[in-house]
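Chemist: Encoded as structure tokens, here's the structure I'll be asking about.
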Amino acid sequence: MDELRNSAALLRRGRGRRRRQPQLRSTSVLALPLRPRKIRRHRKNAASRVASLRARALPSEQSDPEVAPVAGEREGPAERWVPVHPRPASVSVPLRDLGTPVPLSGRHVHDPERPWDSPLQQVLAELNGIPSSRRRAARLFEWLLAPMPPDHFYRRLWEREAVLVRRQDHSYYEGLFSTADLDSILRYEDVQFGQHLDAARYIDGRRETLNPPGRALPAAAWSLYQAGCSLRLLCPQAFSPTVWQFLAVLQEQFGSMAGSNAYLTPPNSQGFAPHYDDIEAFVLQLEGRKLWRVYRPRDPSEELALTPSPNFSQEDLGEPVLQTVLEPGDLLYFPRGFIHQAECQDGVHSLHLTLSTYQRNTWGDFLEAVLPLAVQAAIEENVEFRRGLPRDFMDYMGAQHSDSKDPRRTAFMEKVRVLVARLGHFAPVDAVADQRAKDFIHDSLPPVLTDRERALSVHGLPIRWEAGEPVNVGAQLTTETEVHMLQDGIARLVGEGDHLFLYYTVENSRVYHLEEPKCLEIYPQQVDAMELLLRSYPEFVRVGDLPCDSVEDQLSLATMLYDKGLLLTKTPLVQN
188 MDELRNSAAL
198 LRRGRGRRRR
208 QPQLRSTSVL
218 ALPLRPRKIR
228 RHRKNAASRV
238 ASLRARALPS
248 EQSDPEVAPV
258 AGEREGPAER
268 WVPVHPRPAS
278 VSVPLRDLGT
288 PVPLSGRHVH
298 DPERPWDSPL
308 QQVLAELNGI
318 PSSRRRAARL
328 FEWLLAPMPP
338 DHFYRRLWER
348 EAVLVRRQDH
358 SYYEGLFSTA
368 DLDSILRYED
378 VQFGQHLDAA
388 RYIDGRRETL
398 NPPGRALPAA
408 AWSLYQAGCS
418 LRLLCPQAFS
428 PTVWQFLAVL
438 QEQFGSMAGS
448 NAYLTPPNSQ
458 GFAPHYDDIE
468 AFVLQLEGRK
478 LWRVYRPRDP
488 SEELALTPSP
498 NFSQEDLGEP
508 VLQTVLEPGD
518 LLYFPRGFIH
528 QAECQDGVHS
538 LHLTLSTYQR
548 NTWGDFLEAV
558 LPLAVQAAIE
568 ENVEFRRGLP
578 RDFMDYMGAQ
588 HSDSKDPRRT
598 AFMEKVRVLV
608 ARLGHFAPVD
618 AVADQRAKDF
628 IHDSLPPVLT
638 DRERALSVHG
648 LPIRWEAGEP
658 VNVGAQLTTE
668 TEVHMLQDGI
678 ARLVGEGDHL
688 FLYYTVENSR
698 VYHLEEPKCL
708 EIYPQQVDAM
718 ELLLRSYPEF
728 VRVGDLPCDS
738 VEDQLSLATM
748 LYDKGLLLTK
758 TPLVQN
């Protein structure tokens with residue numbers, strides 16, 4: 188409790204307690220000036236500095252692309268949108284991956300015999316030219332819903348209705364994921380039954396999971412498929428760079444972990460029983476066709492469900508709110524608690540990708556963390572919460588007295604309401620928000636860099652081994668260097684006890700929680716500068732304008748962040 192309450196105070200206190208910044212290790216990519224000068228300035232708070240930066244900022248490198256919505260129509264109880272697509276034009280390659288190169292089995296290669304790229308390849312190339320990660324996330328989500336406007340979706344449909352987007356464009360998702368990608372993953376990756384791949388079928392109202400032990404080699408997986416089993420690849424983003432890229436961008440749109448599963452179903456079969464999930468689901472039909480039936484929650488207790496359901500029988504279901512056959516390029520959305528089932532018909536297989544988000548990201552989950560801490564703080568700080576209960580309260584309270592008209596019962600209930608209302612004054616809302624943000628940072632996929640972000644960050648430095656020695660060593664930040672955070676959602680400043688830590692995503696794994704949370708300690712004299720960097724994105728800040736007491740503190744903080752891959756510079760660093 189004390190740690191959570193102290194975290195907000197630490198952020199407010201800033202440099203109230205000074206600690207000497209340790210010297211950088213000799214392994215740092217950058218070198219510091221030997222004789223830093225003390226600097227003095229009138230200090231403004233971080234918010235006023237951000238406003239000043241944005242007021243004088245030059246026009247951004249690229250404005251938000253505008254998409255004219257195509258009119259849709261409402262048909263029946265579910266919302267349906269039917270766009271008209273022009274023939275796409277040829278574009279360049281998509282974003283590149285961060286970190287060690289991985290097999291690019293699903294990566295697009297331009298075909299000179301084909302005069303256009305798919306809509307997916309176009310939008311990925313477009314994202315590569317958008318400098319703001321938040322605008323990239325908004326643009327990709329706009330593309331995912333097109334032609335439905337995102338504001339209409341969030342205002343009218345999110346968490347409320349099933350939505351069908353009918354596109355009549357089988358190439359819309361081309362390059363995202365395919366059966367050829369799945370075959371390649373089975374051949375070249377260590378895919379384990381039960382851990383990464385499930386084989387299941389649903390026959391005569393009964394679901395069977397037929398996972399053999401061990402590695403899912405192609406012979407075993409495809410034999411199960413031939414026997415009528417659906418194959419569910421869990422966490423395809425761990426194997427597919429394109430799915431990783433897709434989710435890494437979208438997670439910033441939701442402010443919540445974005446995950447996915449890929450489902451391959453053989454013709455004339457069904458893999459899973461009717462059920463509902465505890466996530467917001469976006470179904471992207473990639474190959475073949477599949478008949479979907481979606482049902483509203485059966486009663487209010489199942490609306491926006493917090494846990495997944497058991498399997499239902501057909502007798503448990505009413506009439507579907509939506510029944511449709513998805514074809515490649517179509518999108519289906521349904522909220523938590525909406526029951527669904529899907530089956531292949533007409534001798535055609537189906538491959539779809541389900542994107543999921545908003546698992547346990549509710550007001551109830553937030554209050555579940557806040558209220559116990561608020562009660563504890565209230566007991567410690569307000570004597571009214573420490574006063575004793577009435578000696579005779581058991582004579583009129585409890586289930587056996589619930590129908591009693593005793594005035595003492597009325598007074599007791601009023602006292603409870605008064606005390607509960609006072610809890611809001613003691614609720615550590617910001618501290619709990621920081622802890623949830625820390626959890627989101629740990630849940631997140633590592634970022635995928637644009638060409639610009641790679642060139643202007645530590646990943647783009649030309650240091651390499653050549654002719655028996657390292658070359659191009661010696662580039663350094665100076666007080667004139669202009670910097671901003673690598674992307675908008677990659678770091679969070681969190682107070683824990685008497686310390687402040689910057690948690691970040693750039694060293695996360697594509698496998699969920701494979702790594703422990705990664706962080707840097709931020710010392711009190713660095714807090715204002717760190718807040719300015721976090722809040723000013725995507726505007727640049729001179730290192731010499733960071734609100735620190737000395738040039739040494741300015742350069743030490745900026746260098747530490749740059750070395751970790753958390754900062755980029757306005758222009759490439761030059762060798763000293």
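Under this note's numbering, the residues of the sequence shown are numbered 188 to 763, in order. All residues carry an ideal CB built from backbone N, CA and C; glycine is no exception.
State yes or no: is the C-beta of L721 within less than 8 angstroms of the C-beta of E708?
Modeler: Taking the first residue of the sequence shown as position 1, residue 721 is located at position 534. Taking the first residue of the sequence shown as position 1, residue 708 is located at position 521. No, the Cβ-Cβ distance between L721 and E708 is not below 8 angstroms.
Chemist: If you compare alpha carbons, which of S631, L748 and V738 is closest to L689?
Modeler: For this step, residue 689 is matched to residue 502 along the sequence shown. It is L748 whose Cα lies nearest to the Cα of L689.
Chemist: Let me know if D182 comes out buried or exposed under the rule of 16 or more other beta-carbons within 10 Å of its beta-carbon.
Modeler: Missing from the structure shown is residue 182; the chain here goes from 188 to 763 and no further.
Chemist: For L664, which residues from the same chain have a beta carbon less than 8 angstroms from its beta carbon, with the 5 sequence-adjacent residues on both sides left out?
Modeler: Numbered from its first residue, the sequence shown carries residue 664 at position 477. Within the same chain, Cβ atoms closer than 8 angstroms to the Cβ of L664 are found at L217, V670, V730, L742, A745, T746, Y749, T756 and L760, the five residues on either side in sequence being excluded.
Chemist: Using a Cβ-Cβ cutoff of less than 6 angstroms, which residues in the same chain neighbour L363 once the five nearest sequence positions on both sides are dropped?
Modeler: Indexing the sequence shown from 1 puts residue 363 at position 176. Counting only Cβ-Cβ distances below 6 angstroms, and skipping sequence neighbours, we find L307 and T429.
Chemist: Terminal residues of the continuous alpha helix (DSSP H) containing F328?
Modeler: Counting from one through the sequence shown, the residue named residue 328 turns up at place 141. S320 to L332 is the extent of the alpha helix (DSSP H) around F328.
Chemist: Just the C-alpha distance for I650 and M444, rounded to the nearest angstrom, thanks.
Modeler: Here residue 650 refers to the residue found at position 463 of the sequence shown. Here residue 444 refers to the residue found at position 257 of the sequence shown. Going from the Cα of I650 to the Cα of M444 covers about 35 angstroms.
Chemist: State the DSSP-derived secondary structure class of R595, mapped to helix, strand or coil.
Modeler: Looking up residue 595 in the sequence shown gives position 408. Helix, per DSSP.
Chemist: Please report how far the alpha carbon of Y375 lies from the alpha carbon of C531, in whole angstroms.
Modeler: In the sequence shown, counting from the first residue as 1, residue 375 sits at position 188. In the sequence shown, counting from the first residue as 1, residue 531 sits at position 344. Each residue's CA atom was taken as its position, placing Y375 and C531 some 28 angstroms apart.
Chemist: Assign A445 to one of three DSSP states: helix, strand, or coil.
Modeler: Working through the sequence shown from its first residue, we reach residue 445 at position 258. DSSP places A445 in coil when its eight states are reduced to three.
Chemist: With distances taken Cα to Cα, identify the nearest neighbour of C735 among Q712, K751 and E726.
Modeler: By one-based count along the sequence shown, residue 735 stands at place 548. The candidate whose alpha carbon is nearest that of C735 is Q712.
Chemist: Could you pull out every residue in the same chain whose Cβ sits closer than 7 angstroms to the Cβ of E489, ignoring the five residues on either side in sequence?
Modeler: Numbered from 1 along the sequence shown, position 302 holds the residue referred to as residue 489. Hits under 7 angstroms: Y463 and G524.
Chemist: Applying the criterion that 16 or more other CB atoms from any shown protein chain within 10 Å of the CB defines a buried residue, is A565 buried or exposed?
Modeler: As a working note, residue 565 is residue 378 in the sequence shown. Under a 10 Å Cβ-count criterion, A565 is classified as buried, with 16 or more other Cβ atoms of the shown protein chains found around its own Cβ.
Chemist: What's the C-alpha gap between L351 and V512?
Modeler: As a first step, residue 351 is located in the sequence shown; it is residue number 164 there, counting from the start. As a first step, residue 512 is located in the sequence shown; it is residue number 325 there, counting from the start. About 10 angstroms.
Chemist: Could you check what DSSP says for R394 in three-state terms: helix, strand or coil?
Modeler: Residue mapping note: residue 394 aligns to position 207 of the sequence shown, counting from 1. Looking at R394 - three-state DSSP - the assignment turns out to be strand.
Chemist: In the DSSP assignment, find the unbroken alpha helix (DSSP H) run with G505 in it and report its ends.
Modeler: Your numbering for residue 505 matches position 318 in the sequence shown. Premise fails: G505 is in no alpha helix (DSSP H) and is neither H nor E.
Chemist: Evaluate R261 with the Cβ neighbour count: other Cβ atoms within 10 Å of its Cβ, from every protein chain shown; 16 or more gives buried, anything less gives exposed.
Modeler: Taking the first residue of the sequence shown as position 1, residue 261 is located at position 74. For R261, the predicted structure reports a pLDDT of 36, less than 50, and the residue's modelled location is therefore unreliable. A value from the coordinates is still provided. The residue is exposed, with fewer than 16 neighbouring Cβ atoms inside 10 Å.
Chemist: Could you work out which residue in D621, S427, E348 and W345 is closest to E683 when comparing CA atoms only?
Modeler: Against the sequence shown, residue 683 aligns to sequence position 496. The shortest Cα separation from E683 among D621, S427, E348 and W345 belongs to D621.
Chemist: Which whole-angstrom value is the C-beta distance of D465 and L493, which I expect to be below 8 angstroms?
Modeler: Here residue 465 refers to the residue found at position 278 of the sequence shown. Here residue 493 refers to the residue found at position 306 of the sequence shown. Sure, about 6 angstroms apart at Cβ, within 8 angstroms.
Chemist: Quick check: what's the CA-CA separation for R267 versus E555?
Modeler: Reading the sequence shown from its first residue, position 80 is the one you call residue 267. Reading the sequence shown from its first residue, position 368 is the one you call residue 555. Cα to Cα, the separation comes out at about 37 angstroms.
Chemist: By DSSP, does M747 sit in helix, in strand, or in coil?
Modeler: Position 560 of the sequence shown, counting from 1, holds the residue named residue 747. For M747, the secondary structure class from DSSP, reduced to helix, strand or coil, is helix.
Chemist: Report the option in S591, R573, D617 and P634 whose CA atom is closest to the CA atom of M581.
Modeler: For the purposes of this step, residue 581 is taken as the residue at position 394 of the sequence shown. Checking every option, the nearest Cα to that of M581 belongs to S591.
Chemist: Name the DSSP beta bridge partners of D385, please?
Modeler: By one-based count along the sequence shown, residue 385 stands at place 198. Looking at the DSSP assignment, D385 forms a beta bridge with R419.
Chemist: For A786, tell me which candidate among F433, S427, S371 and R388 has the shortest Cα-Cα distance.
Modeler: Missing from the structure shown is residue 786; the chain here goes from 188 to 763 and no further.
Chemist: Just mark N315 as buried or exposed, buried being the case when its beta carbon has 16 or more other beta carbons within 10 Å.
Modeler: Walking along the sequence shown from the start, residue 315 turns up at place 128. N315 is buried by the Cβ-count criterion.
Chemist: Give me the Cβ distance between E718 and L680, rounded to the nearest whole Å; I'm assuming they're in contact under 8 angstroms.
Modeler: Reading the sequence shown from its first residue, position 531 is the one you call residue 718. Reading the sequence shown from its first residue, position 493 is the one you call residue 680. The Cβ separation is near 7 angstroms, so the contact holds.
Chemist: Would you kindly check if the distance between the Cβ of S427 and the Cβ of D356 is under 8 angstroms?
Modeler: Translated into positions along the sequence shown, residue 356 becomes position 169. Translated into positions along the sequence shown, residue 427 becomes position 240. The answer is no: Cβ separation not under 8 angstroms.
Chemist: Just checking my contact of L473 with H539 at CB under 8 angstroms: how many whole Å lie between their CB atoms?
Modeler: Residue 473 sits at position 286 when you count from the first residue of the sequence shown. Residue 539 sits at position 352 when you count from the first residue of the sequence shown. Indeed, because the Cβ distance is near 6 angstroms, the residues count as touching under 8 angstroms.
Chemist: For the putative contact between N448 and T541, defined by C-beta atoms under 8 angstroms, what is the C-beta separation to the nearest angstrom?
Modeler: Taking the first residue of the sequence shown as position 1, residue 448 is located at position 261. Taking the first residue of the sequence shown as position 1, residue 541 is located at position 354. About 5 angstroms separates the two Cβ atoms, so the contact holds.
Chemist: Using a 10 Å radius around the Cβ and a threshold of 16 neighbouring Cβ atoms, would you call G611 buried or exposed?
Modeler: The residue labelled residue 611 in the question sits at position 424 within the sequence shown. The residue in question, G611, is exposed, as its Cβ has fewer than 16 Cβ neighbours within 10 Å.
Chemist: Give the range of the alpha helix (DSSP H) segment to which G551 is assigned.
Modeler: Position 364 of the sequence shown, counted from the first residue, corresponds to residue 551. Annotation for G551: the continuous alpha helix (DSSP H) segment containing it runs W550 to E568.
Chemist: Quick check: the stretch 412-421 against the stretch 385-404, are there 3 or more CB pairs under 8 angstroms?
Modeler: yes
Chemist: Using the Cα positions of G655 and A678, report the straight-line distance between them to the nearest angstrom.
Modeler: Your numbering for residue 655 matches position 468 in the sequence shown. Your numbering for residue 678 matches position 491 in the sequence shown. The straight-line gap from Cα to Cα measures roughly 37 angstroms.
Chemist: For the beta strand (DSSP E) that Q528 lies in, which residues bound it at each end?
Modeler: The sequence position of residue 528 within the sequence shown is 341, counting from 1. Unbroken beta strand (DSSP E) run through Q528: I526 to E530.
Chemist: Thinking C-alpha only, which one of L471, K477, R547 and F469 is nearest P495?
Modeler: Numbered from its first residue, the sequence shown carries residue 495 at position 308. Residue R547 is the option with its Cα nearest to P495.
Chemist: Tell me the rounded alpha-carbon separation between V481 and L509.
Modeler: Start at 1 with the first residue of the sequence shown, and residue 481 comes out as number 294. Start at 1 with the first residue of the sequence shown, and residue 509 comes out as number 322. Each residue's Cα considered, the two are about 5 angstroms apart.
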